[in-house]
Amino acid sequence: MKLVSAAILLGLVLAGFKGYAQADTSFLSHVVNSLDKYSEANPVEKVYLHLDRTGYVPGDTVWFKAYTVAGEKHGLSAISSILHVELLTEKDSVIGRIAIPLGTGVGWGDFALPFLIKNGNYHVRAYTDWMRNYHPAYFFDQAIRIGELQASITAEKQKNDNPDVQFFAEGGSLINGLRSKMAIKSISVNGVGEDVDGLVVDSDGNEVAAFSTQHLGMGVFALLPQTGKTYKAKIIHKNGLQFTVNLPKAQEEGFAIAVNNSLADSMSIRVASSAKLFDTKKNTKYYLVAQSGGKVYFTAGFTLSAQSFSTQIDKKRFPTGIVQFTLFAENGEPLNERIAFIQHNDGLKLNISAGKSNFLAREKVNITLNASDRNLKPVIGSFSASVINENLSNENTNSVNGILSSLLLTSDIKGNIEQPNYYFINTGDKINADLDLLMLTQGYHRFEWKQVLTVNDPVPGFEPEKALQLSGYVENLAGKPVPNSKVSLITTDSGFFKMDTITNQAGKFTFRPIPDEIVKYVIQARTGGGKKDVKVVLDTIAAFTPRATGYISAEKDSAKELTTYQKQIGQQIKLRIDKRTIQLREVVIKDKKEAVDDPFAHAANPDQLIKNFPKEGTGETLSQFLQQHAIGVTFLNNRPYNTRVIARTRGGASPPPMQILLDGAYIDYDVYMSLNLTDIESAEILRTTGKGLIYGPERSGAGMLFLISRKHTGSRGPSTPDVINFQSKGLYKSRVFYSPKYDAVKINTQIPDLRTSIYWKPDIITDKDGNAAISFFNADTKGTYQVLIEGIDADGNLGHKVYTYKVE
Numbered sequence: 000m001k002l003v004s005a006a007i008l009l010g011l012v013l014a015g016f017k018g019y020a021q022a023d024t025s026f027l028s029h030v031v032n033s034l035d036k037y038s039e040a041n042p043v044e045k046v047y048l049h050l051d052r053t054g055y056v057p058g059d060t061v062w063f064k065a066y067t068v069a070g071e072k073h074g075l076s077a078i079s080s081i082l083h084v085e086l087l088t089e090k091d092s093v094i095g096r097i098a099i100p101l102g103t104g105v106g107w108g109d110f111a112l113p114f115l116i117k118n119g120n121y122h123v124r125a126y127t128d129w130m131r132n133y134h135p136a137y138f139f140d141q142a143i144r145i146g147e148l149q150a151s152i153t154a155e156k157q158k159n160d161n162p163d164v165q166f167f168a169e170g171g172s173l174i175n176g177l178r179s180k181m182a183i184k185s186i187s188v189n190g191v192g193e194d195v196d197g198l199v200v201d202s203d204g205n206e207v208a209a210f211s212t213q214h215l216g217m218g219v220f221a222l223l224p225q226t227g228k229t230y231k232a233k234i235i236h237k238n239g240l241q242f243t244v245n246l247p248k249a250q251e252e253g254f255a256i257a258v259n260n261s262l263a264d265s266m267s268i269r270v271a272s273s274a275k276l277f278d279t280k281k282n283t284k285y286y287l288v289a290q291s292g293g294k295v296y297f298t299a300g301f302t303l304s305a306q307s308f309s310t311q312i313d314k315k316r317f318p319t320g321i322v323q324f325t326l327f328a329e330n331g332e333p334l335n336e337r338i339a340f341i342q343h344n345d346g347l348k349l350n351i352s353a354g355k356s357n358f359l360a361r362e363k364v365n366i367t368l369n370a371s372d373r374n375l376k377p378v379i380g381s382f383s384a385s386v387i388n389e390n391l392s393n394e395n396t397n398s399v400n401g402i403l404s405s406l407l408l409t410s411d412i413k414g415n416i417e418q419p420n421y422y423f424i425n426t427g428d429k430i431n432a433d434l435d436l437l438m439l440t441q442g443y444h445r446f447e448w449k450q451v452l453t454v455n456d457p458v459p460g461f462e463p464e465k466a467l468q469l470s471g472y473v474e475n476l477a478g479k480p481v482p483n484s485k486v487s488l489i490t491t492d493s494g495f496f497k498m499d500t501i502t503n504q505a506g507k508f509t510f511r512p513i514p515d516e517i518v519k520y521v522i523q524a525r526t527g528g529g530k531k532d533v534k535v536v537l538d539t540i541a542a543f544t545p546r547a548t549g550y551i552s553a554e555k556d557s558a559k560e561l562t563t564y565q566k567q568i569g570q571q572i573k574l575r576i577d578k579r580t581i582q583l584r585e586v587v588i589k590d591k592k593e594a595v596d597d598p599f600a601h602a603a604n605p606d607q608l609i610k611n612f613p614k615e616g617t618g619e620t621l622s623q624f625l626q627q628h629a630i631g632v633t634f635l636n637n638r639p640y641n642t643r644v645i646a647r648t649r650g651g652a653s654p655p656p657m658q659i660l661l662d663g664a665y666i667d668y669d670v671y672m673s674l675n676l677t678d679i680e681s682a683e684i685l686r687t688t689g690k691g692l693i694y695g696p697e698r699s700g701a702g703m704l705f706l707i708s709r710k711h712t713g714s715r716g717p718s719t720p721d722v723i724n725f726q727s728k729g730l731y732k733s734r735v736f737y738s739p740k741y742d743a744v745k746i747n748t749q750i751p752d753l754r755t756s757i758y759w760k761p762d763i764i765t766d767k768d769g770n771a772a773i774s775f776f777n778a779d780t781k782g783t784y785q786v787l788i789e790g791i792d793a794d795g796n797l798g799h800k801v802y803t804y805k806v807e
C-alpha cells in the first residue's frame with residue numbers, strides 16, 4: 000500500500016486548531032506506516048454468497064455463488080484458493096460442510112436438502128482458512144428457512160416481556176458539561192428491533208430529554224449531563240407497560256466527538272473537551288486519524304488551545320464504506336472513536352431487460368444484461384443470476400444480505416444487523432439517517448489500534464489455503480502442546496500414501512496439499528523421543544453465536560402470506576414423496592457421560608441383538624453392515640429409521656430417525672459417521688414403543704440403536720489417542736442447475752411445474768461491451784417473478800440489481 004502523500008498526511012489541520020511543528024508529525028507518520036505494515040501482513044479477506052433464495056422445502060437444493068474479495072478496494076482475492084461452506088441448524092450444529100475451489104476469487108456450489116430434513120431455521124456459513132485468524136463473527140452468515148413455519152407463530156408472541164434497551168454515547172463516553180448524542184437500541188425478546196418511547200430523568204426527578212425510536216428499535220436524542228447527577232430512562236413499551244433503564248455514568252473529564260454525516264458532499268466533525276481536561280491539558284498535542292479498509296485517508300495533529308473545534312472534510316477523500324475516526328493522545332493512546340458510513344452510490348450500473356413486462360406460464364424468457372461503471376463505461380465482470388416467484392417465496396428483501404450490504408457493511412461489524420439490505424436497495428435522507436443510527440449503535444472491531452501500533456507482529460495461526468490441507472495439533476495427556484512431535488498421515492486408498500511432518504512450538508501441524516478426492520486417512524503422532532503418550536486433535540471451527548439475519552418472524556408476516564407459502568410447500572412435498580434423497584438432520588448432542596459399567600449401555604429386552612461384527616476390515620461401512628442385518632430398520636443417508644415409525648407417519652411429515660447410543664451415551668450423527676465397522680462389538684435394536692418407555696417417550700418413540708464398542712467390552716484394548724481415523728471429503732464438484740426446455744419435443748407437460756427456484760446461473764461473464772444474456776422458461780405458477788443479478792468487476796466494483804415481470 001502506498002503511503003498517504005505528505006500534503007495529505009501533514010497538511011490537513013482541523014480548522015481553528017493551533018499549528019504544530021514539523022517534528023510533531025512523527026506520530027502521524029508512525030500511525031500510517033504501522034497500519035500500512037499491519038494491513039500488508041494481515042490483509043482482510045471477505046466472502047459473500049449469492050444464494051438462489053432463502054426459503055426452501057425438503058428436497059430442494061441450496062444453490063450459491065461465492066465472491067471472495069480482499070483489500071480496501073474489494074478486489075477479487077488471490078489470497079485463498081479454497082472456500083469452506085457449511086449448513087448449520089439454528090442452534091449452530093453443522094449438518095453439512097463442503098470445500099469448493101476458488102478461481103480468481105469466485106466459485107460456486109450447492110447443498111442438496113434431503114426430503115426428511117427437519118423443518119425450521121438454518122443458516123449458511125462461509126469462510127476461508129485465512130479468515131479463521133479472526134473472529135468467526137466476520138464469516139459470511141445468512142439465515143435460511145426450510146419447510147413449514149408452524150412452531151414459530153405462537154412461540155414468538157410473548158407480550159409481557161420487556162425489550163432489551165441499551166444506550167450508546169457518541170464517541171464512546173458521556174462527559175459532564177458536554178452535550179452529546181445518545182443513541183438508543185431496543186431489542187425484543189425475539190431478537191429484532193422494537194420501537195419504544197421514553198423520557199430521561201435525572202437523579203432529582205427532573206425530565207431532561209424525551210425520545211422515540213425511529214427505525215428497527217434505534218433512535219437518538221441529545222443529553223447534557225451535569226456533575227453530581229445520574230440519569231435513567233423511563234421506557235414506555237408498545238404494550239403499555241413501563242420500566243426504567245439506567246444510562247451510562249458520565250465521566251468528569253474527557254473528549255466528546257460529534258460527527259454530522261447528513262450533508263451530501265462533506266461531513267463535519269466537532270471535538271470538544273471538558274473544562275477540567277482543558278485546564279489540565281492545555282497546549283497538549285492530540286491527533287485525529289480516519290481509516291477505511293485498513294488504509295489511512297485523513298490525518299490531523301493539533302494542540303489543545305481552545306475547548307471546542309470543528310472542521311469540514313470532503314467525502315471524496317473516502318471510498319464507499321465504513322470510516323473509523325479515532326482521537327489519539329500524545330502518547331498514542333486511543334481516546335475516542337466514531338464510525339460513519341460514506342455512501343457514494345458508485346457501484347456498478349446494471350441494466351436488465353426481458354423485452355416485455357408480461358409473460359405466460361412456461362413461456363421462454365430472454366434476459367439481457369448490460370454492466371457499466373460509475374462513468375457508464377462498459378465493464379467485464381463476473382455475475383450470478385437467480386429467478387424466483389415473489390408471490391411464493393415469502394422473501395424479505397430487506398433482510399437478505401446482498402453483495403453490497405455484505406461486503407461494505409456486515410463483514411466489518413460484529414453483532415447482528417437487522418435488515419442489512421435496507422440500507423442499500425433504497426436511497427434518501429431517511430435511509431442515510433437510519434444508517435448513521437446503525438453506526439452509533441454498532442462498533443467497528445476489525446482491529447485494535449494498540450495491536451497495530453506495537454512493534455511485534457503477531458504470527459497468524461492459519462496460512463492462506465492454496466490447496467486442500469489437513470491441520471491440527473498434538474498435546475500430551477495433560478492437555479499441553481507437544482512441540483517437535485512427529486506426525487504421520489497415512490492412507491491405503493488407491494495405493495499406499497504417507498506424509499510426515501513435525502509440530503511447531505505450539506504443537507501445531509499441517510499437511511498440504513492433500514488429494515482433492517474423498518480419502519480415508521490414519522493420523523499418527525509420536526513425541527520427539529518416539530513415545531506414544533500424546534493425543535492428536537484436528538482443527539475445528541469453534542462454536543459461536545451466529546449472526547445470521549432473516550429468520551422469519553410470524554409477527555412480521557401476514558396470515559395470507561404464510562398460508563400461500565405453506566400451500567406451496569405442501570405441493571412440493573407431494574411431488575417429492577417418492578424421492579430417496581440424502582438425509583441431513585439436526586445434530587444435537589444429547590448427553591456426554593462416561594459409559595463404563597453403565598447399565599444403559601445395553602437395551603432393556605431388545606427386539607434384536609446383532610453380534611457378528613467383523614474384527615477385520617471388509618470394505619463395508621457401519622451403516623451398510625447394519626442395513627443387511629438389522630430387521631425393521633432402513634437407512635437413509637446412513638441414518639437409521641424405524642420402519643414402524645415411517646409406516647405410521649402421515650400427511651407428508653418427516654419421521655424422526657432412531658436415537659443412537661454408543662456404550663450408553665447418546666451420540667450425534669457426526670460421531671456415528673466417524674465410527675469404523677471394526678470399532679463395534681455388538682448392536683441392540685429397540686423398535687417397539689412399550690419396551691422403550693424406560694428411556695422416556697421423547698427418546699424412544701422413534702426407536703433406539705444401541706452400539707457397544709470393543710473398547711467398552713474390553714476386547715479392543717486400551718484407547719489410542721495418538722492414532723485417529725479421518726475421512727477427507729475432498730473438493731466439492733458443483734452440480735448443474737436443471738432448467739426445463741418446453742420447446743423440446745419430449746417434455747411431459749402433464750407433470751405440474753412448481754419450481755421454487757425458476758432459474759439459477761452462477762457463471763455469467765460480461766463481454767468487452769458489458770453485455771451478457773440468459774434464457775429460461777417460466778414455471779406453471781403465476782405471480783411476480785424476480786430476477787436478481789449480482790456481481791463484481793476486475794476493479795472490485797460491486798453490482799446488485801432486481802428486475803421483475805409478471806406471469807399471468
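Letter by letter, the sequence shown follows residues 0 to 807 in numbering that gives the first Met the number 0. Don't be surprised by glycine CBs; every beta carbon is placed ideally from N, CA and C. Just so it is clear, the structure is predicted and the values come from calculations on it, not from any experiment.
Item	Value
Pair within 8 Å by beta-carbon distance, L50 and T67	no
Beta-carbon proximity list for R715, same chain, < 6 Å, skipping 5 on both sides	Its pLDDT being 41, under 50, R715 is placed unreliably in this model, and the value from its coordinates should be taken loosely. So the list reads R709, once near-sequence residues are dropped.
Expected contact under 8 Å - CB spacing of V200 and V207 to nearest Å	7 Å
3 or more residues per run - each beta strand (DSSP E) lying fully within the region 736-775	756-764
The alpha helix (DSSP H) enclosing F643, as first and last residue numbers	One detail in the question is off: residue 643 reads as Arg in this sequence, not Phe. It spans T642 to R647 - the alpha helix (DSSP H) in which R643 sits, taken as one unbroken run.
Per-residue burial, G253 [other beta carbons within 10 Å of its own, 16 or more giving buried]	buried
Start-end ranges of the beta strand (DSSP E) lying completely within the region 24-60, minimum 3 residues	44-50
Nearest to L469 (by Cα), restricted to the options E789, Y47 and N724	N724
Alpha-carbon to alpha-carbon, K413 and L246	23 Å
Boundaries (first-last residue) of the beta strand (DSSP E) holding D278	Here D278 belongs to no beta strand (DSSP E); instead the alpha helix (DSSP H) covers A274 to K280.
A652 versus P57, A384 and N357, residue with shortest Cα-Cα distance	P57
Y737 burial status per 10 Å Cβ neighbour count (16 or more: buried)	exposed
H808 burial status per 10 Å Cβ neighbour count (16 or more: buried)	What the structure shows of the chain is the stretch from 0 to 807, and residue 808 is not part of that stretch, so it cannot be assessed.
Buried versus exposed, by CB contacts within 10 Å (16 or more), Q627	exposed
Beta-carbon contacts of K45 that lie in its chain and below 6 Å, excluding the five residues immediately before and after	V68, L406 and S410
Burial state of F167, where buried means 16 or more other Cβ atoms lie within 10 Å	buried
Pair within 8 Å by beta-carbon distance, A815 and L704	Only positions 0 to 807 of the chain appear in the structure, and residue 815 is not among them; the question remains open.
Neighbour-count burial assignment, S764, 16 or more Cβ in a 10 Å radius	In the sequence under discussion, the amino acid at residue 764 is Ile, which differs from the Ser named in the question. When all chains shown are included, I764 counts as exposed.
Limits of the unbroken alpha helix (DSSP H) element including A432	D428 to T440
Under the three-state DSSP convention, the category M130 falls into	helix
Nearest-angstrom Cα separation, counted from D128 out to I513	15 Å
Chain-order list of residues whose beta-carbon lies under 6 Å from that of K555 (same chain, five-residue window excluded)	The predicted model places K555 with a pLDDT of 42, which falls under 50 and marks its position as unreliable; any figure quoted below should be read in that light. Taken in chain order, the list of residues that qualify is empty.
Cβ separation of L625 and V632, assumed to be a contact under 8 Å, to the nearest whole Å	7 Å
Start-to-end residues for the beta strand (DSSP E) that takes in V84	I81 to T88
CB contact flag (E336, G108, <8 Å)	no
Close Cβ partners of Y804 (< 8 Å) along its chain, the five nearest in sequence each way excluded	A353, K355, S356, N357, F358, V364, T783, Y784 and V786
As assigned by DSSP and simplified to three states, the class of R575	In this prediction, R575 has a pLDDT of 43, which is less than 50 and means its spatial position is unreliable; what the coordinates show is noted afterwards. Looking at R575 - three-state DSSP - the assignment turns out to be coil, as it is neither helix nor strand.
Spatial distance of D762 from T755 (CA atoms)	20 Å
Per DSSP, cross-strand counterpart(s) of K180	A221
For G102 and G795, the rounded distance between their alpha carbons	15 Å
Unbroken beta strand (DSSP E) run spanning V473, endpoints	L469 to N475
Unbroken alpha helix (DSSP H) run spanning K449, endpoints	W448 to L452
8 Å Cβ cutoff met for F110 and R124	no
Residue from L753, Y802 and E619 with nearest C-alpha to D678	E619
Distance CB(P224)-CB(A249) smaller than 8 Å	yes
CB of S307 within 8 Å of CB of A339, strictly	no
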